[in-house]
Structure formats: C-alpha cells, structure tokens
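> Have a look at this one.
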Amino acid sequence: MLRRRLSAALLPAALALTVGTATPAIAADSRSVTAASTTTATNSVTMPAGSPFGTASAWRQDIRKAPLDPRSAAMVKNVAAQTAKLYGGVAAFNVTKYNTSFYTVPAGQKRIDLKWNDCQGKGKTPAGLFGTGGQFVQVPIPADAVPASGTDGQLTVFSPSTDQLWEFWKAKKVKGTWQACWGGRIDQVSTNRGGFGGTFGASASGLALSGGTIGIEDVKSGSIQHAVALHLPKPGRGHSYPATRGDGWDTSAAAVPEGTRLRLDPSVDVDGLNLHPIAKMVAKAAQKYGFIVTDASGCTSVVAESPAASIARTGTDPWPSLMGGTPQYSIMANFPWGKLQALPKNHGKP
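In structure tokens:
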C-alpha cells in the first residue's frame, strides 16, 4: 500500500502532528453528471448549516432509538482509552489545519479540468479521473478558491444547481492551473448516502469530509444538525456502513472500524455538563445523529470547517469569536467519551 498523510489532530503548535495511513487501491468510477436539482446558489465561502447532504444521507439520520452492538461497552471502553492516552484525554478540535475549505457555487460558475498530481508515485494516471464523467473533469472551482491549511490541502466545492459535490486532497493552484493528488465527485448529493463511489474522495473511509465537518454556520446557528466525523488514533480493521473502505489495523475484539456509528447516551443531561458551548453542540448532535468514524489521526479528534476560504475572501477568521477566546485544543475538554454507545455493524445499510 502507498502511504499518504491524513488529517492530523490539531493541538498547540508545539504538539501538532500528522500520521501516515494507507490509501486503498484505485478503482474506476465513470458516473455521468446528473442535474438533479434546479436550486440556485450564491458564491459562498461557508458550508450550509446542516451539511450539504439531504435527509436520506447517513449524516442526517436520527439514531436515538437505534439498537446497540453486543460489543458496545467494550468498543466504547476502547475509544475512551485511546482518547485518555493522549494530550490529557482531551480530543482535538481541528480548526486551523487538516480540515477542508468549502465553496458553494452558483449555476454559472466557470468549470475547469484539474491536473492530476502523482504525489504518491503511482506511475500512471488512474482510471476514472478523466474522460466522460471523470472525477477531475469540469469542476466549478472559483478563481479565488484556497484549500485548507496543512499538508492535506483539502478543498470542497458544492454546486446546488447541478446537485453535485467535489472533494480534493492535496489541492493547489500551480501557475494558474488547479491540480490535486486525489479526490472525487458525488452526483445527486441531495439523495446520496454521504460518500463517494469506488475509491474516490478525500477520506480513508470513502465518506465525504463535508458530511461530518462542524461548520461555521452550524456553530453560528447554535446547533449541529448532522452526525459528526470522528478520527481515532487506532481504528479497527475493515469497515462498517456507511464507509465503503477503511485503513484501520486494530484486530482486537473491541476494535472500532471506520464507518462505525457511536452515539452519546441519550439520557445524558448535556446542559448539566461542564463543557464549552461548542462541545455541548457536539454532544447534542452525538445524541441525535451520532459520531461516524471516518479516519485515523494523531489523537481522537473532531473536525471543524477551515476558515481559509473566509480569510481569503473577507480578511476575517470567524472562529476566534465563535470559540469565545478558548484555545482550539481546549474546546473538547471534559467530553464524556465513556458515555458513548456503539451501534451494530452496518447500521442503516439499505
């Protein structure tokens, strides 16, 4: 397996780290472009509240009454132990780096073809990137777009008018030409399960980065109306729906593979917990929609929307005021990881 750098848990500058994880083998996907929506959109630099996915997606499913996996207690103990071992047991809140920039584009946005950057040394262009329906073809990237900071350089583009979404890994503009090392396109976003086909996309699990990202507009609204992506230091081998692949390696009986759904016990009184307001939003979302394990990372972490697009467009980073002066590495302090519950493997699979 070739190695790549995945989103790392964002910590104080002296503690920041990234880890290498494997990329699955390449498979072709030549889905055609489908104009499934006539919704118009302005050119926006923030993700829509509630995520870009519809209520049919795994990201928007109410799981408060879902059954539990018979191994739930052991799996939760595993997650809590992984979290407790690193950085005082406080999960990271990835806001400065290792997340994704998000652009919502209007119907008339100019489309371009990206160049493929063979940053992994594959030696030949993988099938499915170019040609009819290719993942890197006719992408409506705004001229002033900027990827998220950090070596992952992730970028998301959403076109409501054609009901499509693109996500790219190691995206950058070189001498006026956009290129990326990997990525993919989702057609019919409004009815999609929340992930990519084949081995396309920018996460190890095949799930959309934007589906589980804590958005700027989410926090402004005061609630997160979708499941939250969770990164673990040691995911389990294999995968569970809605993931389509995984790069975990834990083979223990209590392993938690990518795609696993975890919810916070609905009986927990979140308002009574000593949590930062954003962490309370995460906790309430975790009770209703849950966490979905999507990637491996340097420590347990949740991911917030990159401010890079807002900074480039407006000159202002919205996160400092939203966090109320609390450092990003303290946002998730006191989160009750031991009160999670694990849902059965492939929960919600059609």
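The sequence shown runs -27 to -1, 1 to 323 under mature numbering (1 follows the signal peptide of the UniProt record, and there is no 0).
Heads up, the beta-carbon is just placed ideally off N, CA and C, and yes, glycines get one too.
Values in this document were obtained by computation on a predicted structure and should not be read as measured data.
Report yes if the C-beta distance between V162 and L138 is below 8 Å; otherwise report no.
Cβ atoms of V162 and L138: closer than 8 Å.
> For F131, count neighbouring Cβ atoms within 10 angstroms of its own Cβ and tell me buried if that reaches 16, exposed if not.
Its Cβ being crowded by 16 or more others within 10 Å, F131 is buried.
> Roughly how many angstroms lie between the CA atoms of S240 and Q93, to the nearest whole one?
Cα to Cα, S240 sits roughly 46 Å from Q93.
> Within the same chain, show all residues whose beta-carbon is closer than 8 Å to that of Q260, passing over the 5 residues directly before and after it, in chain order.
Closer than 8 Å at Cβ, skipping near neighbours: R37, R236, L237, D238, P239, V241, V243.
> Return helix, strand or coil for N67, following the three-state DSSP convention.
DSSP places N67 in strand when its eight states are reduced to three.
> Hey, quick one: how far does the beta strand (DSSP E) through K261 stretch, first residue to last?
No beta strand (DSSP E) holds K261; the alpha helix (DSSP H) holding it covers 250 to 261.
> Please state whether DSSP places W222 in a helix, a strand or coil.
DSSP places W222 in coil when its eight states are reduced to three.
> By the DSSP assignment, the beta strand (DSSP E) with W292 in it spans what residues?
Here W292 belongs to no beta strand (DSSP E); instead the alpha helix (DSSP H) covers 292 to 295.
> Taking Cβ positions, are I304 and F66 nearer each other than 8 Å?
Going by C-beta atoms, I304 is nearer than 8 Å to F66.
> According to DSSP, A53 sits in a beta bridge with which residue or residues?
In the DSSP output, where bridge partners are listed per residue, A53 has none listed.
> What residue does the beta strand (DSSP E) around I159 start on, and which one ends it?
It spans 155 to 160 - the beta strand (DSSP E) in which I159 sits, taken as one unbroken run.
> Taking all protein chains shown into account, decide if Q314 is buried (16 or more other Cβ within 10 angstroms of its Cβ) or exposed.
Looking at its Cβ environment, which holds 16 or more other Cβ atoms inside 10 Å, Q314 is buried.
> For S74, count neighbouring Cβ atoms within 10 angstroms of its own Cβ and tell me buried if that reaches 16, exposed if not.
Classification of S74: buried, given that the 10 Å Cβ count is 16 or more.
> Taking 8 Å as the cut-off, decide whether the C-beta atoms of A216 and G179 are in contact.
For A216 and G179, yes; Cβs fall inside 8 Å.
> With DSSP collapsed to three states, give me the class of I284.
Residue state, collapsed to three classes: helix.
> Using C-beta distances below 6 Å, list every residue in its chain close to H212, excluding the 5 sequence neighbours before and after it, in chain order.
Only R218, G219, P230, E231, G232 meet the Cβ criterion.
> Are the Cβ atoms of S274 and H204 separated by less than 8 Å?
Yes, the pair counts as a contact, with Cβ atoms nearer than the cut-off.
> Would you say G179 faces chain C, with C-beta separation under 8 Å as the test?
Going by chain labels, chain C is absent from the structure shown, which holds only one protein chain.
> In the DSSP assignment, find the unbroken beta strand (DSSP E) run with E140 in it and report its ends.
Start and end: 137 to 142.
> Quick test of the definition: if touching needs 3 or more C-beta pairs under 8 Å, does the segment 28 to 46 touch the segment 282 to 298?
In short, these stretches do not touch, since the Cβ pair count stays below three.
> Does the separation of the CB atoms of A53 and W310 fall below 8 Å?
Closer than 8 Å, so yes.
> Please check the pair R210 and G221, which I expect to be a contact at CB under 8 Å, by giving their CB distance rounded to whole angstroms.
Contact flag correct, Cβ pair sits at about 5 Å.
> Let's see if you can read the secondary structure: which residues bound the beta strand (DSSP E) around S274?
Here the beta strand (DSSP E) through S274 covers 274 to 276.
> Looking at S225: is its Cβ nearer than 8 Å to the Cβ of V18?
It is not a contact, given that the beta carbons lie outside the stated cut-off.
> Looking at C-alpha atoms only, which residue of K257, A269, Y214 is the closest neighbour of D223?
Among K257, A269, Y214, the Cα nearest to that of D223 belongs to A269.
> Which whole-angstrom value describes the C-beta separation of A175 and W151, a residue pair presumed to lie in contact below a C-beta threshold of 8 Å?
Not really, about 15 Å apart at Cβ, beyond 8 Å.
> When you compare each of R158, Q108, K312, Y76 to R286 by their alpha carbons, which one comes out closest?
Closest option to R286, Cα to Cα, is Y76.
> Taking only the alpha-carbon atoms, compute the straight-line gap between F103 and R84 and give it to the nearest angstrom.
The straight-line gap from Cα to Cα measures roughly 14 Å.
> Looking at N16 and P115, is the spacing between their C-beta atoms short of 8 Å?
Yes, these two residues count as a Cβ contact at 8 Å.
> Give the range of the beta strand (DSSP E) segment to which I189 is assigned.
Element bounds for I189: not the beta strand (DSSP E) but the alpha helix (DSSP H), 189 to 194.
> Taking a contact to mean a Cβ-Cβ separation below 8 Å, would you say G157 touches E140 in this structure?
Cβ atoms of G157 and E140: closer than 8 Å.
> Just to confirm before moving on: does the CB-CB distance between residue 363 and P206 stay below 8 Å?
With the chain represented from -27 up to 323, any question about residue 363 goes unanswered, as that position is not in the structure.
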